[in-house]
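Residue numbers (this note's numbering), protein chains in the order written: chain A, 1 to 492; chain B, 1001 to 1432.
Quick reminder that beta carbons are idealized off the backbone N, C-alpha and C, glycines included.
Only one structure is covered here, and it is reproduced in the block below.
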């Protein structure tokens, strides 16, 4: 078996693939920086805005009392403190000082942190002094106070996504001006606003506040760019890709694309039948990198020995103990003699020819050794037969000796058919039968002690994991110094 | 595995070879002094002369059974082992399938007369009885066969006793048969058909009701009176009479000579004719159980004398007797079926006595040998019911040998032949 790789250049095709890749599309959207500033629609606010603008028109026409009423209508719609301030100014212009005083006081109550709170309090005092002046023709205790001119305010409304963003005016040297959402008034001059929120890209805007208008601002902040994009390809398709921790499992198969946190990472690519490849990579945020991994076919074959209830068997390869089933054993290419031995089971013996990257599955089925109970039973019977035979033989010998002794006694006339003859024959025949039975049962016992059952069997199924599909060509995307391309691998 | 099989087979063969061979008991007991063979029931034995030299048969006897029709030739080989050759069914048919109760032979190998006194017995009828003639055909291989021809029915219990001899004294005659029925003595020719003469001796009541219809009828034929022919000795109740053939009248005559010992009722229970003292004259031994036997010395036509042999404390001494040849003279065999032997009461013994003129007294004093049955399994009271002398031809072993007498006796259904016993000249069997 031999693997040959052929590399061809297809730059346009690669580019096309990259542009069509969902991952690539995702990467583009993340790298975009523009954010539309569209404020959500608020009809009440719009009503307040209309009332405010109508009040401003009336105000410019010196219809101060009507203007004040409209400002209060706008306040009723949206309780912005600026509306109270403008209503108070209009009441003052209309010489309705009491209402002006009470409205200024409400303004301070509603917005005690207002930047002009001190001035408004002084204005209230001045207005109260005006009200307390003696009628015309009466001498005044103190000269009458002259009220400085006063004008209405515009309104600026600032909201953001996310809310809570810090607002800086002009630059960050003055610190945080406010947090969104914010509403208030600025002098009618151009103002630069800086927005910052953790995890989001800082934003900068410029506004032009007016005293007669409500200026609305809504800003949607975009997330910061902190991930990198990688692509992992290998000369063998379908290899498992591991990042940093192999124990948690593969995160995908080659060709693989995905995002990683910026920093150093360890990349493994491995596949059965090939040596695992490791590479240390560094990910820059917002970058895209392709990593090409080359896998080398393993120099050994693998035997996975197992099978139903195969536990405990010892695998011997070429006569040497290898491992205990179920187990996996690497074998050098070539012919090997396999054997599996287990107590009370017949041995398995077989042969295996191993090539590089071969994966051989051994499905072992044990054949139990024959029971020795029968042999033991026969042995016991044999011993009993032998004992009986010896006993009967001795009895026969005893009788024979007795007859022999009597024959030598001249005083005794022994008959040729002496009754002891039959008895002795019975003893001897019995002894012979017992000895014969003993021999037979002993033979059977030996036979059954040595008897072997059918050998244990195993099914060996070998596949080459480096090229399980056989002699087929496969194409793998590759990155080469001159550009991107496809690698074709074949097995012959 | 094949190796294990081979080991097993080898081991089995080795052990089998080294096992216990039952035939060693046969080999061992081939040396037994007594050869025994079983006939199945009380046997009737008629010793025959030894077969010709050069054969394989060393001795021969005719064996019958008293309970059924059975006849066989028992051939002893040179080692004393017995082979039985049974008569054919047709021969037994000629006997009416009737048990042979008595037998006698003219000469060493016959012809024979067989008495079947129960022939024709039906129910409780008294049997008419028959006798048959049997011839022995010697075959080239040394064995023999029987040929039996029936004879005619004669009188009641005909054949209850038979004997053979040269009663007529006719030199041209091979001899005659004596046949006894209830009260008649009849003399037949050698063909066992021709009636030469018959008689009834008034002084002798042959029929003994107390002994049963087929009781033992002692009869002996020998030349007791030193005449030209043999006389017939008949035993009756307490006495023995003689019957002689009168050539002038061609008839049987009851002689006035009679033997008796007073009122001894059992006198004559058995008779044996032999030359016990070796003087050339036939003597007559008369049994008188329970404890005595008499030997009357011939010739009887002169003033003869006798000796009395007693066996105190015996119950059956003299009930059965036989002659046993010795180099000079004859020994008397007397059975005591209930004798005490080796501490076993009723075991029975046969005593071989050296009888001499003028020597009366205790049998133990003249005992030459005692025979007994060492098998304690045998029933009591049966030993020696039949007894006699077997002619064992040792020429089958060596040409220098010759026929020698071997005692035998029955023990129940068995025939015991004593080839070695205390006092014997030694074991005659070739293997020894």
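Report yes or no: do three or more beta-carbon pairs, one from the segment 1059 to 1075 of chain B and one from the segment 1095 to 1105 of chain B, lie closer than 8 Å?
Judged by Cβ distances under 8 Å, the segment 1059 to 1075 of chain B makes contact with the segment 1095 to 1105 of chain B, as three or more pairs qualify.
Skipping 5 residues on each side, what residues in its chain have a beta carbon closer than 6 Å to that of residue 96 of chain A?
The sequence position of residue 96 of chain A within the first chain is 96, counting from 1. Once the five neighbours on either side are set aside, residue 96 of chain A has no close Cβ partner at all.
Scan the segment 210 to 240 of chain A and note each continuous beta strand (DSSP E) run of 3 residues or more that stays entirely inside, going in chain order.
Fully enclosed beta strand (DSSP E) runs of 3 or longer: 214 to 220 and 228 to 234.
Out of B:1353, B:1292 and B:1149, which has the shortest C-alpha to C-alpha gap to residue 1265 of chain B?
For the purposes of this step, residue 1265 of chain B is taken as residue 265 along the second chain, with counting starting at 1. Ranking B:1353, B:1292 and B:1149 by Cα distance to residue 1265 of chain B puts B:1292 first.
Under DSSP, the beta strand (DSSP E) around residue 208 of chain A begins and ends at which residues?
Here residue 208 of chain A is taken as the residue at index 208 of the first chain, counted from 1. That residue, residue 208 of chain A, is in no beta strand (DSSP E); it is neither H nor E in DSSP.
Between A:371, A:317, A:81 and A:359, which has its C-alpha nearest residue 348 of chain A's C-alpha?
By 1-based counting over the first chain, the position of residue 348 of chain A is 348. The option with the nearest alpha carbon to residue 348 of chain A is A:317.
Please state the DSSP three-state secondary structure of residue 1404 of chain B.
Numbered from 1 along the second chain, position 404 holds the residue referred to as residue 1404 of chain B. If DSSP states are grouped into helix, strand and coil, residue 1404 of chain B belongs with the strands.
I'd like to know whether the C-beta atoms of residue 273 of chain A and residue 442 of chain A end up nearer to each other than 8 Å.
To locate residue 273 of chain A, count along the first chain from 1; it is residue 273. To locate residue 442 of chain A, count along the first chain from 1; it is residue 442. Contact: no.
Using a Cβ-Cβ cutoff of less than 6 Å, which residues in the same chain neighbour residue 1418 of chain B once the five nearest sequence positions on both sides are dropped?
Along the second chain, one-based indexing puts residue 1418 of chain B at 418. Cβ neighbours of residue 1418 of chain B beyond the five flanking positions: 1034, 1371 and 1407.
Who are the neighbours of residue 1022 of chain B on chain A, taking C-beta pairs under 7 Å?
In the second chain, the residue the question calls residue 1022 of chain B occupies position 22. Those within 7 Å of residue 1022 of chain B in chain A are 425, 428 and 429.
8 Å is my cut-off, CB to CB: does residue 310 of chain A come that close to chain B?
Here residue 310 of chain A refers to the residue found at position 310 of the first chain. No, residue 310 of chain A lies away from the interface with chain B (no Cβ there is under 8 Å from its Cβ).
Short of 6 Å in beta carbon distance, which residues of its chain neighbour residue 1223 of chain B, apart from the five on each side in sequence? Order them along the chain.
Along the second chain, one-based indexing puts residue 1223 of chain B at 223. Closer than 6 Å at the Cβ level, and outside the excluded window around residue 1223 of chain B, lie 1230 and 1282.
Is there a Cβ from chain A that is less than 8 Å from the Cβ of residue 1212 of chain B?
For the purposes of this step, residue 1212 of chain B is identified with residue 212 of the second chain, where counting begins at 1. Since pLDDT at residue 1212 of chain B reaches only 49, below the 50 mark, its modelled position is unreliable, and the value read off the structure follows with that caveat. It does not: the Cβ of residue 1212 of chain B has no partner Cβ on chain A nearer than 8 Å.
I'd like to check one pair, residue 194 of chain A with residue 168 of chain A: are the Cβ atoms closer than 8 Å?
In the first chain, the residue the question calls residue 168 of chain A occupies position 168. In the first chain, the residue the question calls residue 194 of chain A occupies position 194. Yes, the Cβ-Cβ distance between residue 168 of chain A and residue 194 of chain A is below 8 Å.
Counting beta carbon pairs with one atom in the segment 1237 to 1248 of chain B and one in the segment 1183 to 1203 of chain B, are three or more of them shorter than 8 Å?
Yes, since at least three Cβ pairs between the segment 1183 to 1203 of chain B and the segment 1237 to 1248 of chain B fall closer than 8 Å, the two stretches touch.
What residues in the segment 404 to 426 of chain A have a beta carbon less than 7 Å from any beta carbon of chain B?
From the segment 404 to 426 of chain A, only 404, 407, 410, 411, 412, 413, 414, 415, 416, 417, 418, 419, 421, 424 and 425 have a Cβ closer than 7 Å to chain B.
Buried or exposed, going by whether 16 or more other CB atoms sit within 10 Å of the CB of residue 408 of chain A?
Numbered from its first residue, the first chain carries residue 408 of chain A at position 408. Flag for residue 408 of chain A reads exposed.
From residue 393 of chain A to residue 1077 of chain B, what distance separates their C-alpha atoms?
Numbered from 1 along the first chain, position 393 holds the residue referred to as residue 393 of chain A. Numbered from 1 along the second chain, position 77 holds the residue referred to as residue 1077 of chain B. Between residue 393 of chain A and residue 1077 of chain B, the C-alpha separation is close to 31 Å.
Does any CB atom of chain A fall closer than 8 Å to the CB of residue 1404 of chain B?
For this step, residue 1404 of chain B is matched to residue 404 along the second chain. Closer than 8 Å: no.
Can you tell me whether DSSP reads residue 1254 of chain B as helix, strand or coil?
As a first step, residue 1254 of chain B must be located in the second chain, where it is residue number 254. Three-state DSSP puts residue 1254 of chain B in a strand.
Mapping the DSSP letters down to three states, classify residue 32 of chain A as helix, strand or coil.
The residue given as residue 32 of chain A occupies position 32 in the first chain. Because residue 32 of chain A sits at a pLDDT of 30, beneath the cut-off of 50, its placement in the model cannot be relied upon, and the point is left open.
Is there a C-beta anywhere in chain A that falls below 8 Å from the one on residue 1071 of chain B?
Start at 1 with the first residue of the second chain, and residue 1071 of chain B comes out as number 71. It does not; no Cβ of chain A falls within 8 Å.
Within the present structure, is the beta-carbon of residue 394 of chain A separated from the nearest heavy atom of the ligand SAM by less than 7 Å?
The ligand content of the structure shown is nil, which means the ligand SAM is not present either.
So, helix, strand or coil for residue 24 of chain A, using DSSP?
As a first step, residue 24 of chain A must be located in the first chain, where it is residue number 24. Note that residue 24 of chain A has pLDDT 33, beneath the 50 cutoff, so the model's placement of it is unreliable and no number is given.
Could you name the residues of chain A that residue 1372 of chain B contacts, counting a contact when the two beta carbons are closer than 9 Å?
The residue labelled residue 1372 of chain B in the question sits at position 372 within the second chain. Going along chain A in sequence order, the residues near residue 1372 of chain B (Cβ under 9 Å) are 413.
Between residue 1317 of chain B and residue 1347 of chain B, is the Cβ-Cβ spacing less than 8 Å?
Sequence index remark: in the second chain, residue 1317 of chain B carries index 317 (1-based). Sequence index remark: in the second chain, residue 1347 of chain B carries index 347 (1-based). Against a cut-off of 8 Å, the Cβ pair of residue 1347 of chain B and residue 1317 of chain B comes out as no contact.
Taking a contact to mean a Cβ-Cβ separation below 8 Å, would you say residue 1305 of chain B touches residue 1355 of chain B in this structure?
For the purposes of this step, residue 1305 of chain B is identified with residue 305 of the second chain, where counting begins at 1. For the purposes of this step, residue 1355 of chain B is identified with residue 355 of the second chain, where counting begins at 1. The answer is no: Cβ separation not under 8 Å.
Ordered along the chain, which non-local residues of its own chain (more than five positions away) have a Cβ less than 6 Å from that of residue 289 of chain A?
Position 289 of the first chain holds residue 289 of chain A. 230.
Would you kindly work out how many angstroms separate the C-alpha atoms of residue 1120 of chain B and residue 1157 of chain B, rounded to a whole number?
On the second chain, residue 1120 of chain B is found 120 positions in, with the first residue counted as 1. On the second chain, residue 1157 of chain B is found 157 positions in, with the first residue counted as 1. Rounded to whole angstroms, residue 1120 of chain B to residue 1157 of chain B spans 10 Å at the Cα level.
Would you mind giving the Cβ-Cβ distance between residue 386 of chain A and residue 438 of chain A, rounded to the nearest angstrom? I have them listed as a contact below 8 Å.
Mapped onto the first chain, residue 386 of chain A falls at position 386. Mapped onto the first chain, residue 438 of chain A falls at position 438. Sure, about 4 Å apart at Cβ, within 8 Å.
From which residue to which residue does the beta strand (DSSP E) around residue 1134 of chain B run?
Position 134 of the second chain holds residue 1134 of chain B. Start and end: 1130 to 1138.
Once DSSP output is grouped into helix, strand and coil, what is the label at residue 103 of chain A?
In the first chain, residue 103 of chain A corresponds to position 103, counting from 1. Three-state DSSP puts residue 103 of chain A in a helix.
Is there contact between the segment 336 to 348 of chain A and the segment 253 to 269 of chain A, where contact requires at least three CB pairs shorter than 8 Å?
At 8 Å Cβ cutoff, the stretches do not touch.
Could you work out which residue in A:93, A:124 and A:303 is closest to residue 106 of chain A when comparing CA atoms only?
Within the first chain, residue 106 of chain A is the residue found at index 106, counting from 1. Checked all of A:93, A:124 and A:303; the closest Cα to residue 106 of chain A is A:124.
So, does the CB of residue 388 of chain A fall closer than 8 Å to a CB anywhere in chain B?
As a first step, residue 388 of chain A must be located in the first chain, where it is residue number 388. Answer no: the Cβ-Cβ gap between residue 388 of chain A and chain B never drops below 8 Å.
Going by DSSP in three states, residue 1214 of chain B sits in which element: helix, strand or coil?
The residue you call residue 1214 of chain B lines up with position 214 of the second chain. Residue placement at residue 1214 of chain B cannot be trusted, given a pLDDT of 48 that sits under 50; what the coordinates show is reported in the next sentence. It is coil, neither helix nor strand.
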